[in-house]
Structure formats: C-alpha cells, structure tokens
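Structure, as structure tokens:
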C-alpha cells in the first residue's frame, strides 16, 4: 500500500533544497547559453520533479546534462563546417530536445517515488522489491543510452576517417544518421560508463539503508549496466537513424542534411556537382519517417526497458 504521509514528508524535506539547486542550474544554463528559453522551462520541470524524487536520480540527470552540454561545445567550429544548418549555435537545446532525452527517466522517477514510498535507495537486484529494481534499471539505462549516444555524436563526428553506415558498412560523410566510427563507439562506451559510475557513487553517498547494502550483492555491476546502455543505445539509435530517419547530402554546400529536397530539381545524382547548379541533395540513407528527436526518444525508451529487465536478473554473491 502506498504511504502518502511518507510521500508528503519526503517532498517537504527536499523542496527548499530543490528550489535552490534548480534556480542555480537554470541561471547557469542561461549564462552559458546551453539552453534557450523553452529549454530552460522544460529543464526546470524535469529537474524539479527528478530532484524531489531522489538525489541519486538527480545526480544522474545532472551528469548527463553537464557532460553532454560541454561536449556539444567542444570544437564547435569544426562541427559547424561538417553539420552546416543542422549545427546549433552555442549548443543551445530547446524543450523538444530536453524532453526527448529526459521524459522517460522523469516519469519513471516519479513512479518510483510514489510506489516505493519510504524505500528511497535499494540495492539491485533485490528479490523483495523487483518492481523498484526494474525502475532503477530503467533510469540507469535511459541516461546511459542518452549520454552514450550524445558523446558518440559529439566526438564521433570528429573522427579522422569517414564513418561507415551501420546497415551496409559503406563509407558515408560525417554527420550521416546511422554512421558509426571507432571514435564514436569508444565515446558511447565511455558515456554510458560515466553514467553508471556516477550512479554507483551517488547511490553509495546517499545511501539511507546501509544494512540492506551490506547484505546485498556487490553493486559495481551498476557501472557495467551503464556501459551496456551506452553502447547498446548508441547502436540502436544508429540502426534506427540509418533506416527510418532521412539523411541527404547537399552537394553544393558539402554538408549532410536531415530533410528531403523541397523542389524536384534537387533530386539529382551524386555526380551532379556543377557549381552553377542549384543546391542538389543526394539521398544517402533512411526513410523519412522519424526525426532525430523521435529516434532519440525511442532508442532511450527501448534501452531503458532492456536495462530494467537486466536489473531483475539474480546474481550470485
């Protein structure tokens, strides 16, 4: 049975601290121009709910946001030349990007907070609380996927060699949806591992049930769960990007675009490189079904469920 008195008490204890933390982070985001106005509003909603649901979840969210924002700005001048119009000046994110990369984990955090009541932090797996373990696994999987994919995108595009399309292994221009590179794969592993490590440390630091942790299995596999989420989620995102997300190449500008040609005279072959011709967009891969935000949302959602299931698996001491 849900203990509503425990829920209210938990909210009251965190409300003041949450308000201060979110206000400071929102001000920092505005100062650094990492979010636009709609992104700031969305981040306040996501951050407030996540902090009220548990500091461990909030630390994971902050680790994803801070690391991905920093990497977005890393060598931005080079990325702008490669991505063209798709590059966002200053790495600013809007509300769509915020929600597509955090909505699942936020909802799961709220469900965990309501359902678990006074069990704020529990070790995983725990046969006594399988549903809570499933939800924790989903949160780690979600942020591990999002962080791994973001690190792969922001660093992989700087790979010295051309990436290969994940479905055919043919070389494609940097920035192509579904393109994978050695640097990108390494970055996805590191990004997911980072989330797993942060969650592992945070769960130990904010541990309010030391006896349960002493009797439980070692918790270091949480780090490996983050590693798995980063690699699996990034590969899944690439697979979806190569098949159900449009990628074209603007021959005149020399950049990859994510939109289909707007006029029929833009449908020309790749060898139509006359500098006097209008912008020619050659189709590289993918059907025009989902956009980048929808692919990110679905890949992180699927990865979250997979990691939730993995968290239920019983391990031997």
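Numbering (the numbering used here), first residue to last: 939 to 1255. Even glycine gets a Cβ: it sits at the ideal position worked out from N, Cα and C.
The Cβ atoms of residue 1175 and residue 1233 lie closer than 8 Å to each other.
In this structure, the alpha-carbon of residue 1011 lies about 19 Å from that of residue 1230.
Non-local C-beta neighbours of residue 1118 in its own chain, meaning closer than 7 Å and more than five positions away in sequence, comprise 1101, 1102, 1104, 1176, ordered along the chain. With a cut-off of 8 Å on Cβ pairs, the region 987–999 is in contact with the region 1030–1048, counting three or more such pairs. Residue pairing from DSSP leaves residue 1231 without any beta-bridge partner.
Inclusion of residue 1225 and residue 1182 in the CB contact set at 8 Å is warranted, their separation being smaller than that value.
Scanning the region 1096–1181 from its first residue to its last, the whole alpha helix (DSSP H) runs of 4-plus residues come out as 1120–1143, 1148–1153.
The C-beta separation of residue 1127 from residue 1093 comes to about 11 Å, leaving the pair out of contact by the 8 Å criterion. Of the candidates 1033, 1038, 1069, 1069 places its Cα closest to the Cα of residue 1052.
Comparing alpha carbon positions, the residue from 1167, 1180, 1191 closest to residue 1239 is 1167.
Annotation for residue 1077: 995, 998, 1043, 1046, 1047 place their beta carbon closer than 7 Å to its own, counting only its chain and skipping 5 residues before and after.
For residue 1123, the closest alpha carbon among the candidates 1136, 1096, 1037, 1106 is that of 1096.
DSSP, read as helix, strand or coil, puts residue 1008 in helix. When the alpha-carbon of residue 1132 is set against those of 1251, 988, 1088, the nearest one is in 1088. About 21 Å separates the beta carbons of residue 1116 and residue 1242, which is beyond the 8 Å limit, so they are not a contact pair. As far as DSSP is concerned, residue 1084 takes part in no beta bridge.
A direct Cα-to-Cα measurement between residue 1158 and residue 1191 gives close to 48 Å.
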